[in-house]
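Here is the structure we will look at.
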Amino acid sequence: MKKIIALAGIFILTSCAELQQIATQLPQEYGISDAEISLGLKQALQFGIDKEVTSLAKEDGFFNNELVRIGLPPELQKVDKTLRDVGLDALADEGLKVLNRAAEDAVSEAIPVFANAVTEISFADARNILLGSEDAATQYLSGRTQQELYTRFNPIISNSLDKVGATQVWTNIIQKYNSLPITSNINPDLPDYVTNEALDGVFLMIAKEEKEIRSSLSARTTDLLRKVFALQDK
Numbered sequence: 010m011k012k013i014i015a016l017a018g019i020f021i022l023t024s025c026a027e028l029q030q031i032a033t034q035l036p037q038e039y040g041i042s043d044a045e046i047s048l049g050l051k052q053a054l055q056f057g058i059d060k061e062v063t064s065l066a067k068e069d070g071f072f073n074n075e076l077v078r079i080g081l082p083p084e085l086q087k088v089d090k091t092l093r094d095v096g097l098d099a100l101a102d103e104g105l106k107v108l109n110r111a112a113e114d115a116v117s118e119a120i121p122v123f124a125n126a127v128t129e130i131s132f133a134d135a136r137n138i139l140l141g142s143e144d145a146a147t148q149y150l151s152g153r154t155q156q157e158l159y160t161r162f163n164p165i166i167s168n169s170l171d172k173v174g175a176t177q178v179w180t181n182i183i184q185k186y187n188s189l190p191i192t193s194n195i196n197p198d199l200p201d202y203v204t205n206e207a208l209d210g211v212f213l214m215i216a217k218e219e220k221e222i223r224s225s226l227s228a229r230t231t232d233l234l235r236k237v238f239a240l241q242d243k
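In the working numbering, each number is its position in the sequence shown, counted from 1, plus 9.
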């Protein structure tokens with residue numbers, strides 16, 4: 010901890026080039042190589058991806074997870090509330106399930122995309138991520154995979170919603186809602202809405218796992234993870 014506090018003061022007074030030199034030298038002080046840092050970070054990310062993304066891809070992976078369950082857009086939540094107020098909870102749940110099922114259908118597409126991004130992490134990236142914020146690795150993945158994941162997710166989610174007629178039903182409801190003079194227009198593209206919600210859910214769960222590995226010694230389940238993440242504890 011004292012080492013990090015001291016570095017924070019140095020950060021204010023030194024140039025970017027000097028900071029990079031410090032980041033390069035710091036691992037060597039603790040007897041750990043760039044290769045070990047890179048491998049350890051990749052291992053941590055792969056564990057998080059395997060655990061969290063695989064869990065989301067299962068049936069009810071989204072629907073039974075309160076952190077990522079996809080609900081209606083805020084402007085349409087009154088529809089859900091009205092159904093429940095008149096005792097139609099099962100119908101309301103079914104409407105929400107089709108949204109979450111579509112996300113669950115698509116999420117397995119994330120695994121190979123993430124795997125490719127993880128293999129491309131450089132030594133410099135690995136050091137910066139390790140000594141960065143508690144979600145630095147998640148932010149790295151998001152920046153490099155978000156667009157490709159959207160492109161993969163969207164047609165799968167669209168097909169899934171079409172199979173149960175959800176797209177047309179909700180498009181009609183939203184268009185009718187938008188035609189009312191007392192409302193503000195909302196996005197009528199249901200597949201787009203569900204795709205973005207699914208992506209948010211995926212990155213939220215990966216960030217949760219990353220935070221756990223960074224903050225909990227018990228979550229570091231291999232010798233390499235313990236050695237690498239001890240560096241960020243200094």
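Even glycine gets a Cβ: it sits at the ideal position worked out from N, Cα and C.
Margin query: Would the segment 148–163 count as touching the segment 93–105 if we require 3 or more Cβ pairs under 8 Å?
Written below: With the cut-off at 8 Å, the segment 148–163 and the segment 93–105 do not touch.
Item to complete: Taking Leu234 and Ile41 to be in contact with their CB atoms under 8 Å, please state how far apart those CB atoms are, rounded to whole angstroms.
Response: In fact, because the Cβ distance is near 12 Å, the residues do not count as touching under 8 Å.
Residues of its chain near Asp69, where Cβ-Cβ distance is below 8 Å and the 5 sequence neighbours each way are ignored
So the list reads Asn109 and Glu113, once near-sequence residues are dropped.
Contained alpha helix (DSSP H) runs [length at least 4] in the segment 88–149, N- to C-terminal order:
You should have 98–116, 119–128 and 132–139.
* **Beta carbon of Val62 nearer than 8 Å to that of Ile120** => Cβ atoms of Val62 and Ile120: closer than 8 Å.
Pick helix, strand or coil for Phe56, following the three-state DSSP scheme.
The answer is helix: DSSP assigns Phe56 an H, G or I state.
inquiry  = Which of the three DSSP states is assigned to Asn168 in this structure?
reply    = Helix at Asn168.
Close beta carbons around Glu124, own chain, < 8 Å, minus the five adjacent residues each side: Sequence inspection shows Ala at residue 124; the Glu mentioned does not correspond to that position. In its chain, beyond the 5 residues on either side, Gln55 and Ile58 have a beta carbon closer than 8 Å to the beta carbon of Ala124.
Which two residues bound the contiguous alpha helix (DSSP H) that contains Ser64? Thr63 to Ala66 is the span of the alpha helix (DSSP H), which, as asked, contains Ser64.
So, Lys236 versus Gly96, is the Cβ gap smaller than 8 Å? No; because the gap between Cβ atoms is not below 8 Å, this pair is not in contact.
- Taking 7 Å as the cut-off, does the CB of Glu143 come closer than this to any heavy atom belonging to the ligand MG? For the ligand MG, the structure offers nothing, since it holds no ligand at all.
Got a sec, what are the start and stop residues for the alpha helix (DSSP H) Asp232 sits in? Run containing Asp232: Asp232 to Asp242, per the alpha helix (DSSP H) assignment.
(message) I need the DSSP call for Asn163, collapsed to helix, strand or coil.
(response) When DSSP states are grouped into helix, strand and coil, Asn163 belongs to the helix group.
Using the Cβ count rule (16 or more neighbours within 10 Å means buried), how would you classify Ala133?
With fewer than 16 other Cβ atoms within 10 Å, it is exposed.
Quiz prompt | Leu226 in three-state terms, based on DSSP | solution = Residue state, collapsed to three classes: helix.
message: According to DSSP, simplified to helix, strand and coil, what is Leu199?
response: In the three-state reduction of the DSSP assignment, Leu199 falls in the helix class.
Legend entry - Backbone CA spacing between Gln177 and Glu206 [nearest angstrom]: Looking at the two C-alpha atoms, the distance is approximately 19 Å.
So which of Ala111, Ala135, Phe162 and Leu226 has the shortest CA-CA distance to Ala44? The alpha carbon of Ala44 has as its nearest neighbour, out of Ala111, Ala135, Phe162 and Leu226, the alpha carbon of Ala135.
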